[in-house]
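Structure first, then comments.
Here's what the structure looks like:
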């Protein structure tokens, strides 16, 4: 099933700080909810293992990330593929930074996920809401961590 | 784990993994293949057996370890003394089966249904059997079979069944 | 309702089924009930992607799972020359396990063999497949553009599989152009699935003689034997196919599936018996689906409603491989029956089939090849025409019926309809349901703003494939066969090339023999499904059992009767010419007191045969001279809830004419069952794929099978117009209700909504579709929604 | 389909069950009816390391009808409600209705009311009913047992106030006052399906025929069952008229935030929410002899 999301975070930090954060795979990787493990291969590529727990459904998702950034436009493209529960997930996400004024930065993000296999076939009824929650949490955590940094 | 389950009056003691579904325990550990498996989602009812004389259960949605120390009635335990059970007789008389795959589950659901509702209306029968799927009969004749069985079982002579 | 039956007079009797005592005691033997020492279990690894390159397959973790014995992949099979399976009508081939790439979601990628079900499942979970997704083609209209070439393995570099047509295109177009009235309707017969309650499965092993013993859920065991021999190279004498009791088939158990080949390879490679039983998910996602025809139907008529021409152009979605189970020369089956029960001067039908990234199939789901699609097309569009003409849908049908005196009737698309009395059947339906009273009730309800609909379907089927000059599968002509042996005591055994999946052959075949030979049907055993003992036959599907094998049984019995006549002459001490068959016994002509029974003759055949060859047996291979054409009138009465869109089927009457009825109880049961499947298709069932090629209906929580609660109460009646060319006049019935009923249901719903201007709804007619149609109509968009 | 391997513990007392749950925390699940859990395990979506089976705890299987509350124990089956001797009383009509449409009639013979609440499926039936009837769940935690009002109990999809290592022991339904009736309205594609939309309604009339109390809740209308406070407010203190019912129905339709799925679009489901609340109210009132 095909899921589309987007949102905006207002980060109380200057654009440079936010940009530096989102370009760091290790830092971004650790913003994933319930992340168990992040392995960075190079500035563009990293793997992450995420613990998923929704009611009785519990398991690990192994995900591969590929990030490409455009310094000039402050735009990041992310391709994520992976799976768990005998299922496959492919996700593309983008993030755009813009000056929010008064030392803040607007982080506009959008994502499109395709889930395949039992997770979608059996869990499809509730997948949308859960996936949305996970993605929103991720960007909220990014926002929070940048502020703390 | 070692479990002892009394199936159709005979105790079966077997060593099973906890994840062994009761349906496979009956089929593969007891050799009672009249209990069938038709889906993965507790939808079809081909695997229904009766637990402790009262409760119709989908044996694909129960672990064998849960039935340890309990009694299970399967289709193989319906006929007694060489005579068909009135429910079996009625399914045959009324042409309540074609391929026979859903039939054991359908009959065992009927056992529990008639225990709690001895004189069901057509609506009650249709409602009571709605946890069992049949692809062949279109249910008309299954309803008639349950009505016949209910009539027979309400006769005093059959009350011991 | 059932009755006991005595020797003779066996046809037309509601005899209780001989198979029932076994089934009601749980003593049926379905394929999963067979176990053998040392047996391994097979589980398949399937692709979550609908279209992807396979970069690598890593089996090392799977091999470490305790109990796992082996894992095989497409590469292994390809190396052994077993990478591909031929499909039945020979236009394509199918991967056994994915080679290089996967072409549909849930495609078979690897097979895991293990000592237990649990270990096989654990092992399958541990096979790591690295995929690289490819663009997905999820609908046949996108496939047409060839933007993405799905099957580079084929010589033809296009997604187009075939074009098939019949009829006179030019004359049809010209006639349509000149017709006073003309309607055109796009109709989609959605992809659905037979979903028998017993999934597919097999047990394979090589016995001590090195012979393959293959237990399998097959509707056509002999065809399997031949196909397995052709695929594996094992000589056909070294293959024994046993099709035991089958828990429903409905066409799903006709094709040979990849899992079967894998099980045979596993058994050969590992030297152990191998069992493979599908899960429900596997059944719904990878084995033969049905329908998926997008049909543009066009009817021309005179101003007063006489049909002038019929034209149907179809785009067919066949999925990733063309595994449609159609006869070789008929890639679109009997779709030419789309002129239905009507006397149509000129017609044209064409089908173009395309590959998509969906499961392969296109089997005949409880219907003769593509007859359901054709029947639905004409019966639905007749209502659209009636609406356009402003005349009653019943009157329009009556006006256009092929008349009783026109039979045998040569249809514009090449069939010769054998017999029928459509007017009589329709009239019986109208009288039985009380049509006039229903119309009055409807009028009153409409005045109150309530939505009530009455829908008709007056269909004609074509079944019983088929005459050898037209029909073959893998080159094998579509005859069927029977062998009868009568024992000294007058008991006997019938063996046929068919295979019952619940149709009650053990009873009806015995009734035919009993009728023909004056014997006790209780003592006629019927055996099917064992290729070592049964004569070669093409199997049970497409309603061919009674028309073809039933005829073979009657003809074999008549051969026995001819031989018996000689022995009877000897016993009666007269010349053979002086012996006649009267009232189920032999009699000296004109001397009713001098008779012998078949039972006496049977004993003499082994004890006192005089100069005659001993024994009493015969074999007959029946090559039907024509198809049979069962027909009927179905009426649905529905009430529609405006607020929720819920449709309540308040009454449903099926009046069938299937020719001579062998066992009325079984015929009625078949009709009930087929109607319930038709009901499910009309209102509930669809195998849907999203735009990304994901199958959305992968188990019984989303592929909906009606329960006793949803299924309506069925009313049935019959007319009997025997087939003139069938030995006992029977036409077959198992599929009529599934072929004829969807149009009656949909026509009833559309009729209910017709005051709002609704003219068509696509199946499955869900509550939301109905609610939306009502809402849009009420918002004044109703007229726009027409066309 | 075969679940992944797990360890099985049969509890012989609530204390024992609780101590196992405390010991295994998030790795353990309670096995009561198992009618949602076991199918999820067969698909290997759920793969708990430990199952603590509480089916042997007969005390938890009781229905106890007291003066103020009906207590339904943790392993009391749906079918026990369906067959309860008092289920035909008008005041219990909401429970009567729901007990006949949860899942299917065989699943109901194993499935439990408390299990359904703890599972907290967005399309569950008992969750909406518990909201409309203002039930409360008794939860055993480290600090002893506590009673959690249903509004606080239902946290999010598949998430409740039952924390890791805790267990629910019972649900309490207040005994409805005189002149109380309810109705559970569910649209499902077939028996056994999750609701396309469902509405639980319970009303109590005062001596003058005005609505004294009202409970209105929806299922399949958001991440978990939802109370339609606006509808309740529209009803309480009013004489039951067509206008009042329409106001409540409109509030329900507005409050419904369903997910589109194979059962229907958001628009259709929002429509159903209103239709079903109106039908439920009319039926409940009819059960009290009031035509509205």
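Protein chains in written order, with my numbering: chain Z, 14 to 162; chain R, 1206 to 1366; chain A, 13 to 799; chain X, 709 to 1000.
Glycine residues also receive a C-beta, built at the ideal position from the N, C-alpha and C atoms.
None of these values were measured; they are calculated from a predicted model.
Go ahead and label residue 160 of chain Z buried or exposed: buried means 16 or more other beta carbons lie within 10 angstroms of its beta carbon, across all protein chains shown.
exposed
Less than 9 Å between CB atoms is the rule here; does residue 818 of chain X satisfy it with respect to chain Z?
no
According to DSSP, simplified to helix, strand and coil, what is residue 367 of chain A?
coil
Relative to the C-alpha of residue 601 of chain A, which residue among A:610, A:642, A:611, A:590 is closest?
A:590
Would you give the residue range spanned by the alpha helix (DSSP H) that residue 140 of chain A belongs to?
Counting along the chain, residue 140 of chain A falls outside any alpha helix (DSSP H), though it belongs to the beta strand (DSSP E) covering 140-145.
State the start and end residues of the unbroken alpha helix (DSSP H) segment that holds residue 29 of chain Z.
28-35
For residue 544 of chain A, which three-state DSSP category applies?
coil
By DSSP's criteria, residue 666 of chain A is part of a beta bridge. Which residues make up the other side?
A:646, A:728
Mind reading off the beta-carbon distance from residue 284 of chain A to residue 610 of chain A? Whole number of angstroms is fine, and I expect it under 8 Å.
Rounded, the Cβ-Cβ distance is 49 Å, inconsistent with contact.
Where in the stretch 711-752 of chain X do unbroken runs of the beta strand (DSSP E), each at least 3 residues long, occur, reported from the N-terminal end onward?
715-718, 736-739
Hey, residue 272 of chain A and residue 309 of chain A: beta-carbon distance below 9 Å or not?
no
Taking Cβ to Cβ, would you say residue 509 of chain A is nearer than 9 Å to residue 492 of chain A?
yes
Cβ separation of residue 800 of chain A and residue 335 of chain A, assumed to be a contact under 8 Å, to the nearest whole Å
No answer is possible for residue 800 of chain A: the residues shown for chain A start at 13 and end at 799.
Going by DSSP in three states, residue 826 of chain A sits in which element: helix, strand or coil?
For chain A, the structure presents residues 13 to 799; residue 826 of chain A sits outside this window and is missing.
Three-state secondary structure assigned by DSSP to residue 38 of chain Z:
helix
Partner residues on chain R for residue 899 of chain X, Cβ-Cβ distance less than 9 Å:
1332, 1335, 1336
Does the beta-carbon distance from residue 688 of chain A to residue 261 of chain A come in below 9 Å?
no
Taking the continuous beta strand (DSSP E) assigned at residue 197 of chain A, which residues delimit it?
193-204
N-terminal and C-terminal residue of the beta strand (DSSP E) that residue 857 of chain X is part of
852-857
Whole-number beta carbon distance between residue 106 of chain A and residue 333 of chain A, since they are thought to touch under 8 Å
4 Å
Which first and last residues belong to the beta strand (DSSP E) in which residue 1353 of chain R is found?
Where residue 1353 of chain R is concerned, there is no enclosing beta strand (DSSP E), although the alpha helix (DSSP H) it sits in stretches over 1345-1359.
Span of the beta strand (DSSP E), counted from its first residue to its last, around residue 599 of chain A
597-600
Residue 88 of chain A: first and last residue of the uninterrupted alpha helix (DSSP H) it sits in:
86-91
Are the stretch 722-731 of chain X and the stretch 37-44 of chain Z touching, with three or more C-beta to C-beta distances below 8 Å?
no
Helix, strand or coil at residue 455 of chain A according to DSSP, with G and I counted as helix
helix
Helix, strand or coil at residue 187 of chain A [DSSP, three-state]:
helix
Check the C-beta distance from residue 557 of chain A over to residue 517 of chain A and give it rounded, since I have them as a contact under 8 Å.
7 Å
Candidates R:1304, R:1224, R:1278, of which the one nearest residue 35 of chain A by Cα:
R:1304
Flag this pair as touching only if the stretch 473-481 of chain A and the stretch 334-353 of chain A have three or more C-beta atom pairs under 8 Å; answer yes or no.
yes
Output the distance between the C-alpha atoms of residue 504 of chain A and residue 24 of chain A, rounded to the nearest integer angstrom.
21 Å
Which residues bound the alpha helix (DSSP H) around residue 146 of chain Z?
131-161
Between residue 139 of chain Z and chain X, is any beta-carbon pair separated by less than 9 Å?
yes
Could you check the C-alpha separation between residue 1310 of chain R and residue 128 of chain A for me, to the nearest Å?
25 Å
Nearest-angstrom Cα distance between residue 882 of chain X and residue 801 of chain X?
13 Å
Residue 66 of chain A, enclosing beta strand (DSSP E) - first and last residue
64-70
Name the chain A residues whose beta carbon is nearer than 8 Å to that of residue 1293 of chain R?
36, 37
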